[in-house]
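Quick mapping for you: the protein sequence lines, in order, are chains A and B. One gets this note's numbering by counting positions in the first sequence from 1 and adding 2 to each. One gets this note's numbering by counting positions in the second sequence from 1 and adding 995 to each. Think of the CB as a built atom: it goes at the ideal place given N, C-alpha and C, for glycine as much as any other residue. Small disclaimer: the values here were computed from a predicted structure and weren't measured. Read through the structure below, which is laid out as structure tokens, and then see the notes.
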Amino acid sequence: MKITAEQVRYVADLANLHLTEDEVRKFQADLDEILVHFDRLNEVDTSRSDAMAQVLYEAEETATLRPDRPRPGLGTDLALANAPVAGAGYFKVPEVIKR
Amino acid sequence: MDIPALTIDQVQEGLRARRFSSVELTMAALQFAREENPKTNAYLTFSEERALRTARRVDEQLARGEDPGLLAGVPIAVKDVIVTKGVRTTCGSKLLANYVPPYDATAVERLEAAGGVIIGKTNCDEFAMGSSNENSAFGPVRNPHALDRVPGGSSGGSAAAVAQGTAVVALGSDTGGSIRQPASFCGVVGVTPTYGRVSRYGLTAFASSLDHIGPFGRNVRDAALLLNVIAGRDPLDSTSAEAPVPDYLAHLDGDIKGLKLGLPHEYLKDLTSETGDLISKAIDQLKRLGCEVRDISLPATDYAIACYYVIATAEASSNLARYDGVRYTFRAASSESLSDMYRKTRGEGFGAECKRRIMLGTYVLSAGYYDAYYLKAQKVRALIARDFTNAFAEVDAIVAPVSPFPAFKIGEKIDDPMAMYLSDIYTITGDLAGIPCMSVPCGKTAEGLPVGLQILAKHFDEARMFRLADAFERAGGAQN
């Protein structure tokens, strides 16, 4: 067993993800099978391999930079247009600190 | 006009000969797409207003004698993970069922600037996570060649729309095979360009080190032309490349004599007999056309699934953190606190596959596991990329199957996530290495299910890939 129900709940907590007890059972089984498959990575000798964080190809050094010039943003109305709850120019969320 | 068989060239010719106007074509294409859509569920939204606005502009430009662009009047479908200003963009998720983006993706802006008419947004696996299109919150897409089968995924709607003839070309996205696999299953051309070739500005992020936007077409020429329009540096995507974009169409000259092709034996092990036969016939065809085919080895392939699913889920767990009930339309009904609201919103909003991947990704990044999984997978990724570099020192391009099997039945694999992941084995390697790759129709099984031939090339060598695919297509694929 690579992962326990307790660990599944812990990971769901880290991910801010509410799971039902049925989902905890299902994901424990699914994750277990997948993590067993992941173990085959340990068969590979990577002692002479550098971690590849991004795709690398020949390019100029400045290729990823653009001129640092200000440009207009979306504006408050447009930025808030998809908010589930908005008001007074802000995104509204449930109370964080009790007054 | 024969809408389901239209090519980009025919649209251009028809407009310039005044056989139809762009508005007439757009209305006819929209009507046809609306009539046909119930069969496949390929479209989630039709963007009639926006389409007619572009079509009117094209007609006005033509009337004034101006050039409206390479894609003038062409009906185009766009995968619903690519944002369109003012047109609902759901990502196949309940979370974004009502999300109307405030801006356009760069690829969308470019194809419209070239006169392309976006007629609608296509169904896909939720946040592009899946290999069958069954993970959409808006129901599965059906394969136009066999309505009880999947179209592949995650760009299943775009592939089905092009196969069904409800769009001339389409945009999809590919992170682990999401363009090539559905192209193969639906019998159309699908292209995953070099990583960085097409700007991802406005592509909803799934796994940022692997995500690509790419074209679908009913022939190589149309797909190549669409790539010509959307490719190139974009200051709004720091990962987009400076490399100049060649005129791909100029390379479609049919001359592939003497091309050296590699056939990796690791990609031939688990094929169904019919897929294997078609790939063998394709190789024979390429030899007849003058290519030299040699056996090669890509030894790290066996570790590609594990490598990919560690990296892709890790990046996804981070990218999907933004869907927390604050900014993106959906929020769970009642919650007592902020953290309760986050948890319930995500628990109610995400479908099963997204949750599974968020869980996996969070797990492999969590304290104590990072080195064992994420760092290890990144090192294995370097080995997979090195395999390709070594191979391309000997050959000009690589040919392989796209998928071990043709389109499977809806429901066949949905309860077995590991089996579904394993079906991506031949497509994820190209994404991990960041090289251009594509699916070109090869032939059909006895049951009439399409099978695709995959072509992989060096970074930024799309021109050679297209030349090979075009010559193969002109020769009639494998079955001629």
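Within 7 Å of the CB of ARG68(A), the CB atoms of chain B belong to PRO1230, in sequence order along the chain. A distance of 8 Å or more separates the beta carbons of GLY1152(B) and SER1126(B).
The Cβ atoms of LYS1074(B) and THR1035(B) do not sit closer than 8 Å to each other. Out of SER1204(B), ALA1162(B), ASN1214(B) and ARG1195(B), the CA that lies nearest to the CA of GLY1171(B) is found in SER1204(B). Contact between LEU1254(B) and ILE1114(B) fails: their C-beta atoms lie close to 37 Å from each other, not under 8 Å. In the structure shown, HIS1207(B) adopts extended strand secondary structure according to DSSP, grouped into three states.
Among the residues of the segment 1236-1249 of chain B, those with a Cβ less than 8 Å away from any Cβ of chain A are ALA1236, GLU1237 and ALA1238, in the order of the chain.
In this chain, the beta strand (DSSP E) harbouring ALA1165(B) covers 1164-1169.
Per the Cβ contact rule, the segment 1174-1187 of chain B is in contact with the segment 1433-1453 of chain B (3 or more Cβ pairs under 8 Å). For ILE1450(B), the beta-bridge partners assigned by DSSP are VAL1394(B) and MET1433(B). Listed along chain B are MET1413, each with a C-beta nearer than 7 Å to that of GLU35(A).
In this structure, the alpha-carbon of PRO1097(B) lies about 20 Å from that of LEU1047(B). Think of a sphere of 9 Å around the beta carbon of ASP24(A): no beta carbon from chain B falls inside it, the nearest being about 11 Å out. Going by C-alpha positions, SER1042(B) is about 28 Å away from ALA1202(B). Between the segment 1385-1395 of chain B and the segment 1337-1344 of chain B, the count of C-beta pairs closer than 8 Å stays below three; the two stretches do not touch. In this structure ILE1430(B) touches LYS1453(B) by the C-beta definition: roughly 6 Å separates them, less than 8 Å. PRO999(B) carries a helical assignment under DSSP once its states are collapsed to helix, strand and coil. Identification of residues in the segment 1362-1383 of chain B having a C-beta nearer than 7 Å to some C-beta of chain A yields TYR1368, LEU1370, LYS1371, ALA1372, GLN1373, LYS1374, VAL1375, ARG1376, ALA1377, LEU1378 and ALA1380, given in sequence order. Following the DSSP letters along the chain, one finds PRO1230(B) in no alpha helix (DSSP H), marked with neither H nor E. Under the 10 Å beta carbon count, ALA1328(B) is surrounded by fewer than 16 other beta carbons and is classified as exposed. Taking a Cβ-Cβ cut-off of 8 Å, the neighbours of PRO1097(B) in chain A comprise LEU76, LEU80, ALA81, ALA83 and ASN84, given in sequence order. By the beta-carbon neighbour count (other beta carbons within 10 angstroms, threshold 16), GLU1055(B) is exposed. Residue contact check for SER1312(B) against chain A: a CB pair falls below 8 Å.
The Cβ of MET54(A) sits closer than 8 Å to at least one Cβ of chain B. Pairwise C-beta distances place the segment 1405-1423 of chain B out of contact with the segment 1360-1368 of chain B, as fewer than three of them are shorter than 8 Å. LYS1404(B): not part of any beta strand (DSSP E); DSSP gives it neither H nor E. Taking a cut-off of 8 Å for Cβ pairs, the segment 78-88 of chain A and the segment 1312-1329 of chain B touch, as three or more such pairs fall below it.
Among the residues of chain A, those whose CB is under 7 Å from the CB of LEU1333(B) are VAL95, PRO96 and VAL98, following chain order. With the rule of 3 Cβ pairs closer than 8 Å, the segment 39-48 of chain A does not count as touching the segment 1278-1288 of chain B. At a cut-off of 4 residues, the continuous stretches assigned as alpha helix (DSSP H) that sit fully inside the segment 1240-1305 of chain B are 1268-1283. In summary, VAL1164(B) is buried, with 16 or more beta-carbon neighbours lying within 10 Å of its beta-carbon over all protein chains present.
Inter-segment contact for the segment 1188-1197 of chain B and the segment 1207-1225 of chain B is present: three or more beta-carbon pairs are separated by less than 8 Å. If you draw a straight line from the Cα of THR1049(B) to the Cα of PRO1063(B), it comes to about 10 Å.
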